[in-house]
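Numbering (my numbering), first residue to last: 65 to 598. Glycine included, every Cβ here is placed at the ideal spot set by N, Cα and C. Only one structure is covered here, and it is reproduced in the block below.
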């Protein structure tokens with residue numbers, strides 16, 4: 065316990081949360097000797113954030129269909145843009161804790177059916193407007209209003225009313241209790257926008273409060289942000305300029321980071337890790353988290369409306385082969401639920417889907433289906449997606465199933481293929497709780513229900529259980545509800561999740577950072593805000 069406390073205090077000193085005097089006082093109180101405390105202080109201060117420099121981040125994501133509108137964000141580049149130029153009521157810290165961001169505090173009442181958020185004073189938007197409760201309400205109305213086209217509309221379906229109490233307090237009334245509501249509003253879609261006359265313009269480049277102001281933006285190509293001199297977070301947003309550059313081709317990304325044309329690169333293919341690790345100017349950063357690779361089967365498209373077709377395909381995938389050949393062991397096999405071992409209430413009693421040609425053939429025969437089954441793939445879906453599809457074609461052949469691979473272009477993939485075609489490849493960064501994950505992609509009301517799993521008896525029961533678990537405060541009862549929900553999804557759902565993938569990045573050794581978050585890639589997609597040149 066003492067060792068963990070001292071490490072936490074050292075991290076706080078490094079991040080500028082506490083000063084040297086506070087650090088010395090707190091660690092000496094544990095009984096640590098003065099020389100050791102001084103040594104730790106010196107080490108932490110040598111890693112203290114420093115201002116200056118231009119960060120060039122080469123990312124494997126992005127589409128020319130991207131925009132500044134947080135309601136349409138569908139990939140890591142657009143999420144990075146959001147976190148670089150904006151803030152949210154709450155955030156998941158680099159240590160995995162939910163903390164206030166624009167909210168100074170948040171408190172529930174009435175069995176979590178009412179939530180009160182008190183806002184920080186003195187926060188300014190890039191257009192000079194001061195943050196008020198009106199901005200929060202207008203932002204949430206944009207996403208959750210009756211006529212909203214936001215991808216996150218379903219996430220706010222339980223919000224009955226939003227009112228303000230003065231300029232810096234917002235009160236949310238919900239139709240049912242939700243203990244995870246603060247996690248919900250930390251979702252990247254809900255970047256708080258500057259409002260005018262009760263409305264927001266989500267495309268306005270100056271409507272954020274974040275650490276960097278928009279200097280230029282070419283959707284799906286490049287974002288350039290200049291440091292916000294009035295940023296409210298001390299010790300954050302340390303670069304003079306941030307460049308987020310879409311480099312979808314993995315070989316080009318590798319070349320950029322090795323040649324020094326980029327300082328940070330994400331989505332590093334597992335097969336190139338050893339090569340990059342040998343470069344004297346680079347470090348490999350690998351984190352485990354909630355990222356999973358998925359092949360969603362849409363139940364509103366034949367033949368995936370057939371239960372036995374779905375079951376056959378789940379048994380026809382050689383997951384261990386995918387782990388060995390696509391991730392080279394940098395991850396673990398999945399079991400068709402979006403709940404990782406790091407999340408609460410994982411159902412550990414579920415049988416594991418493994419490659420079983422006999423079971424696959426049995427279910428396929430029961431389905432009555434014959435002929436090719438199209439699978440659309442692109443590396444835009446996840447790095448190695450095309451190769452994974454090729455392996456699935458071969459394993460399915462052993463089960464008497466003909467998967468027809470359709471290679472799709474990377475550009476426009478998230479608009480023209482994902483959530484449109486019957487079967488494709490996709491990835492999710494995951495969410496901090498089951499409820500937030502389900503509301504993002506699995507409940508009937510969400511626009512991103514990529515499997516269209518809504519109308520089967522199991523799907524209807526699943527939705528009922530999720531609502532019940534949301535407001536249940538008894539630990540064992542809540543666990544039981546989530547276990548039952550996972551069992552339904554595992555058996556009947558359209559999610560084929562063969563892999564949990566580690567986040568693999570490469571960066572210049574000249575970059576410094578504190579503890580690294582695992583809730584998303586790129587330190588929670590906040591490298592721009594949390595890192596610095598040492």
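Where does the unbroken alpha helix (DSSP H) through residue 233 begin, and where does it stop?
Stepping through the chain shown from its first residue, residue 233 is reached at position 169. Residue range 233–238 is occupied by the beta strand (DSSP E) that includes residue 233, with no alpha helix (DSSP H) assigned at that position.
_My assumption, with CB atoms under 8 Å, is that residue 179 sits in contact with residue 189. Please give the rounded CB distance._
The residue labelled residue 179 in the question sits at position 115 within the chain shown. The residue labelled residue 189 in the question sits at position 125 within the chain shown. Not a contact, Cβ separation roughly 23 Å.
Provide the residue(s) that pair with residue 290 in DSSP beta bridges, ordered along the chain. The residue you call residue 290 lines up with position 226 of the chain shown. In the DSSP output, where bridge partners are listed per residue, residue 290 has 277, 305.
### Task
Mark residue 58 as exposed unless 16 or more other C-beta atoms lie within 10 angstroms of its C-beta, in which case mark it buried.
Residue 58 is absent from the structure shown; the chain starts at 65 and stops at 598.
Checklist line | Exposure label - residue 400; buried when at least 16 CB within 10 Å | finding: Sequence index remark: in the chain shown, residue 400 carries index 336 (1-based). Of the residues assessed, residue 400 falls on the buried side of the cut-off, its CB having 16 or more other CB atoms within 10 angstroms.
Worksheet entry | First through last residue of the beta strand (DSSP E) which encompasses residue 351 | Sequence index remark: in the chain shown, residue 351 carries index 287 (1-based). 346–351 is the extent of the beta strand (DSSP E) around residue 351.
Could you give the distance in angstroms between the alpha-carbon of residue 252 and the alpha-carbon of residue 464?
As a first step, residue 252 is located in the chain shown; it is residue number 188 there, counting from the start. As a first step, residue 464 is located in the chain shown; it is residue number 400 there, counting from the start. In this structure, the CA atom of residue 252 is about 43 Å from the CA atom of residue 464.
For residue 547, which three-state DSSP category applies?
For the purposes of this step, residue 547 is taken as the residue at position 483 of the chain shown. Under the three-state reduction of DSSP output, residue 547 falls in the helix class.
Report task. Would you give the residue range spanned by the beta strand (DSSP E) that residue 528 belongs to? Result -> Along the chain shown, read from residue 1 onward, the residue named residue 528 stands at position 464. Where residue 528 is concerned, there is no enclosing beta strand (DSSP E), although the alpha helix (DSSP H) it sits in stretches over 521–535.
If you follow the beta strand (DSSP E) that residue 226 is part of, which residue opens it and which one closes it?
Here residue 226 refers to the residue found at position 162 when the chain shown is read from its first residue. Its beta strand (DSSP E) spans residues 223–228.
Using a threshold of 7 Å, state whether the C-beta atoms of residue 249 and residue 239 are closer than that.
By 1-based counting over the chain shown, the position of residue 249 is 185. By 1-based counting over the chain shown, the position of residue 239 is 175. It is not a contact, given that the beta carbons lie outside the stated cut-off.
* **Proximity winner among 389, 530, 284, relative to residue 136 (alpha-carbon distances)** => Against the chain shown, residue 136 aligns to sequence position 72. Here the closest residue by C-alpha is 284.
Item to check | Residues of its chain near residue 371, where Cβ-Cβ distance is below 7 Å and the 5 sequence neighbours each way are ignored | outcome: Taking the chain shown and counting its residues from 1, the one referred to as residue 371 is at position 307. Answer for residue 371: 556, listed in chain order.
Notebook entry, point to check: Measuring CB to CB, does residue 297 end up less than 7 Å from residue 232?
Noted result: Sequence index remark: in the chain shown, residue 297 carries index 233 (1-based). Sequence index remark: in the chain shown, residue 232 carries index 168 (1-based). Against a cut-off of 7 Å, the Cβ pair of residue 232 and residue 297 comes out as no contact.
Distance between beta carbons of residue 450 and residue 564, contact taken as under 8 Å: Taking the chain shown and counting its residues from 1, one reaches residue 564 at position 500. Taking the chain shown and counting its residues from 1, one reaches residue 450 at position 386. Between residue 450 and residue 564 the Cβ distance is about 20 Å, and since that is not below 8 Å, they are no contact.
Check: Quick one: Cα of residue 278 to Cα of residue 304, how far?
Finding: As a working mapping, residue 278 is identified with position 214 in the chain shown. As a working mapping, residue 304 is identified with position 240 in the chain shown. For residue 278 and residue 304, the distance between alpha carbons rounds to 12 Å.
In the structure shown, what three-state DSSP assignment does residue 453 receive? Against the chain shown, residue 453 aligns to sequence position 389. If DSSP states are grouped into helix, strand and coil, residue 453 belongs with the helices.
Handout entry: Continuous alpha helix (DSSP H) assignments of at least 4 residues falling wholly in the region 379–407
Key = The alpha helix (DSSP H) runs lying completely inside the region 379–407 and spanning 4 residues or more are 383–389, given in chain order.
message: Contact defined as beta carbons within less than 8 Å: I believe residue 592 pairs with residue 306. What is the distance between those atoms, to the nearest angstrom?
response: Along the chain shown, read from residue 1 onward, the residue named residue 592 stands at position 528. Along the chain shown, read from residue 1 onward, the residue named residue 306 stands at position 242. Confirmed, Cβ separation roughly 5 Å.
Fill in: Which residues DSSP lists as bridging residue 441, in chain order
The residue labelled residue 441 in the question sits at position 377 within the chain shown. Looking at the DSSP output, residue 441 shares a beta bridge with 471.
Option nearest residue 301 by Cα separation, candidates 568, 118, 496, 414:
On the chain shown, position 237 is the one that residue 301 refers to. Closest by alpha carbon: 118.
### Query
Which residues in the same chain as residue 220 place their Cβ atom closer than 7 Å to its Cβ, once the five residues preceding and following it in sequence are excluded?
Start at 1 with the first residue of the chain shown, and residue 220 comes out as number 156. Within the same chain, residue 220 has close Cβ partners 204, 207, 208.
Q.
Threshold first: 4 residues or longer. Then list the alpha helix (DSSP H) segments lying entirely within the region 153–218, N to C.
A. You should have 197–208.
Notebook entry, point to check: What did DSSP end up calling residue 409 once you bin it into helix, strand or coil?
Noted result: Stepping through the chain shown from its first residue, residue 409 is reached at position 345. DSSP places residue 409 in the coil class of the three-state scheme, outside both helix and strand.
Requested in this report: Give every residue of the same chain whose Cβ lies closer than 8 Å to the Cβ of residue 335, excluding the five residues on either side of it in the sequence, and list them in chain order.
Outcome: Counting from 1 along the chain shown, the entry for residue 335 is found at position 271. Around residue 335: 392.
Below 7 Å between beta carbons: does that hold for residue 286 and residue 309? On the chain shown, position 222 is the one that residue 286 refers to. On the chain shown, position 245 is the one that residue 309 refers to. Less than 7 Å divides the Cβ of residue 286 from the Cβ of residue 309.
So who's on the other strand from residue 337, going by DSSP bridges? Along the chain shown, read from residue 1 onward, the residue named residue 337 stands at position 273. Under DSSP, residue 337 takes part in no beta bridge, so it has no partner.
> Among 483, 531, 264, which one has its Cα closest to the Cα of residue 559?
Replying inline: The residue you call residue 559 lines up with position 495 of the chain shown. Nearest of 483, 531, 264 to residue 559, Cα basis: 483.
Check: So is residue 191 buried or exposed if we call it buried at 16+ other beta carbons inside 10 Å?
Finding: Counting from one through the chain shown, the residue named residue 191 turns up at place 127. When all chains shown are included, residue 191 counts as exposed.
query = Buried or exposed: residue 359, going by 16 or more other Cβ atoms within 10 Å of its Cβ?
reply = Here residue 359 corresponds to residue number 295 of the chain shown, with the count starting at 1. If you draw a 10 Å sphere on the C-beta of residue 359, you find 16 or more other C-beta atoms in it, and that means buried.
Tell me the rounded alpha-carbon separation between residue 539 and residue 499.
Walking along the chain shown from the start, residue 539 turns up at place 475. Walking along the chain shown from the start, residue 499 turns up at place 435. Each residue's Cα considered, the two are about 15 Å apart.
Quick one: grab the DSSP three-state call for residue 605.
What is shown of the chain runs 65 to 598, which leaves residue 605 out entirely.
Practice prompt. Taking residue 562 as part of the beta strand (DSSP E), name the residues at either end of that continuous run.
Written response: Reading the chain shown from its first residue, position 498 is the one you call residue 562. Looking at the DSSP string, the run of the beta strand (DSSP E) that includes residue 562 is 559–565.
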